[in-house]
Structures are given as C-alpha cells and as structure tokens.
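If you're matching them up, the sequences are chains G and D in order.
334 is the number of the first residue of the first sequence in our numbering; add one for each residue after it.
-16 is the number of the first residue of the second sequence in our numbering; add one for each residue after it.
These notes are about the structure you will find just below.
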Amino acid sequence: AQKVTQAQTEISVVEKEDVTLDCVYETRDTTYYLFWYKQPPSGELVFLIRRNSFDEQNEISGRYSWNFQKSTSSFNFTITASQVVDSAVYFCALSGYSGGYQKVTFGTGTKLQVIP
Amino acid sequence: NAGVMQNPRHLVRRRGQEARLRCSPMKGHSHVYWYRQLPEEGLKFMVYLQKENIIDESGMPKERFSAEFPKEGPSILRIQQVVRGDSAAYFCASSPRGQVETQYFGPGTRLLVL
C-alpha cells in the first residue's frame, strides 16, 4: 500500500523567511512519481512539480526548490523568501500501483500562512 | 487548448436530492479520474474511467455513488440521496493514455448539502 505523510499540519512564517514543507512516503514500487500541488484559498489545484523515482537530482524553480532523497523516502519542498501569495495548502502526492491499477495517493496537506 | 472543465463549480443540494457533477477532459484525453476532498483533508481517489468503461472504482462508496464516461459527452459523477457527509470538493483529472503521472486536474466542484 502507498502512503504519504505530511506531518506538519500548519506552518506560519513571517514574510521573507524561508520555509520547508516535509513529505515522507511509503511505497513498494520501484518506479513511481512524486508530486507537489498548491491549493490556494480559491480552491483549485496548482501543479508545482513531478519527479520520477529514478531522478534524485534536486530541482530549483525560482524561489521554490525540492529535495528528493530516496534513502529516507522524503521529498521536501522549500520556499525561499516567502511571500504572502505563497499562503495556501500544499499537498505532496505519490503515484504507484495499488490494487492492480496506477493511482495517486495524496498527503493530508500542510497549510502555510505567510504573515506580512 | 482548453484544460479540464468541471461544472457546476458550486452545487447546493438538500438532503435526499441527487447531485450530478460533470467533467469534460482535455481534448484528446480518454482517461478520467475522480477524486474527493473532504473538508480539511487531502484528495482521495474514487474512480478511474476510460471511454465507456469503468476501470477501477475501488475508491468509490458502494451505495449512492455512480460514475460514467460515455462515448460522447462529459464524464458524470452521480450521487443519489445526498447526505451532509457528501459535502466536499470533487475533482476530476484527465490523462491521454491512462498514465497518472500525466494527469491534469480540473478546478473542482464544491458540493454543499444542506
């Protein structure tokens, strides 16, 4: 069975601080994908990144960076110099096979509040 | 190229009524997935459909819920005799070849049951 754990339920930071959102996953698959999504107060899901299990290179996109470590089954997300617009719920997700079919399993989300 | 479309975006129903949620996949996509997000929770898989076929409905409640994806037209998620616990956001995603790593999400339908 697949599982995604986002232990941080809510985080508050002051604008311009750096913040890291943790994601730990469990899977028996050797090939899988990891994702991060942002859900702003408006409710839609905004795709941020997809990472293949064979690609452990860290990725940076502007103020966002991701650290994928297979050894610890973690896929952490860091926002540098946070801004108020970063306030949202962030979901980590894992794709893999469950019950014979490929599925995406979401974590419970981390609510980030950036205080001006 | 329009993205995944869902309508209505908001739906209010009284207990016992039926709710019909529609999902139009991206052009060229023949695979649709439905997810439910209960308040303060993450998304949970409900059902995976291909045109005219239900592939995997392991996440869908056995009673009152049904889904279809006809040859023509949108995919429909139908909830009969809604109860307050059905209040949630329902997201649809589509992919071109059934690979979940290439699925695109719609904006969701927020269902409120009074």
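No residue lacks a Cβ here, since even glycine has one placed at the ideal position from N, Cα and C.
**Report entry** Cβ shell of G/K403 (< 8 Å), same chain only, five flanking positions each side left out
**Finding:** In the first sequence, counting from the first residue as 1, residue 403 of chain G sits at position 70. The beta carbon of G/K403 lies closer than 8 Å to those of S386, E389 in the same chain, with the five residues before and after it left out.
Query raised in the report: Under three-state DSSP, which class holds G/D419?
Result: Position 86 of the first sequence, counted from the first residue, corresponds to residue 419 of chain G. G/D419: helix per DSSP, three-state reduction.
Query raised in the report: G/F368: buried (16+ other C-beta within 10 angstroms of its C-beta) or exposed?
Result: Walking along the first sequence from the start, residue 368 of chain G turns up at place 35. Buried is the call here.
Query raised in the report: Are any of the Cβ atoms in chain D nearer than 7 Å to that of G/Y434?
Result: The residue labelled residue 434 of chain G in the question sits at position 101 within the first sequence. It does; some Cβ of chain D falls within 7 Å.
Requested in this report: Under 6 Å Cβ to Cβ from G/Y358, same chain only, skipping five residues before and after it: list those, please.
Outcome: Here residue 358 of chain G corresponds to residue number 25 of the first sequence, with the count starting at 1. Closer than 6 Å at Cβ, skipping near neighbours: V337, S406, L427.
Requested in this report: Determine the chain G residues that contact D/A72 at a beta-carbon separation under 7 Å, and present them in chain order.
Outcome: Taking the second sequence and counting its residues from 1, the one referred to as residue 72 of chain D is at position 89. Near D/A72 (Cβ distances below 7 Å), the residues of chain G are G376.
Query - Contacts that D/R93 makes with chain G (C-beta to C-beta distance below 9 Å) - result: For the purposes of this step, residue 93 of chain D is identified with residue 110 of the second sequence, where counting begins at 1. Going along chain G in sequence order, the residues near D/R93 (Cβ under 9 Å) are G376.
Query raised in the report: Which residues of chain G have a Cβ atom closer than 7 Å to the Cβ of D/V83, listed in chain order?
Result: Numbered from 1 along the second sequence, position 100 holds the residue referred to as residue 83 of chain D. Think of a sphere of 7 Å around the beta carbon of D/V83: the chain G residues whose beta carbon falls inside it are S428, Q435, K436, V437, in chain order.
Query raised in the report: Residues in the region 353 to 385 of chain G with C-beta within 7 Å of chain D's C-beta atoms, listed in sequence order?
Result: Cβ contacts with chain D: Y366, G376, E377, L378, R383.
**Report entry** Below-7 Å beta-carbon distance, D/G25 vs any chain G residue
**Finding:** Here residue 25 of chain D refers to the residue found at position 42 when the second sequence is read from its first residue. For D/G25, the answer is yes, since a Cβ of chain G falls inside 7 Å of its Cβ.
Query raised in the report: Hey, would you say G/T443 sits closer than 7 Å to G/L381, going by beta carbons?
Result: Counted from its first residue, the first sequence places residue 443 of chain G at position 110. Counted from its first residue, the first sequence places residue 381 of chain G at position 48. Not in contact: G/T443 and G/L381 (Cβ atoms no closer than 7 Å).
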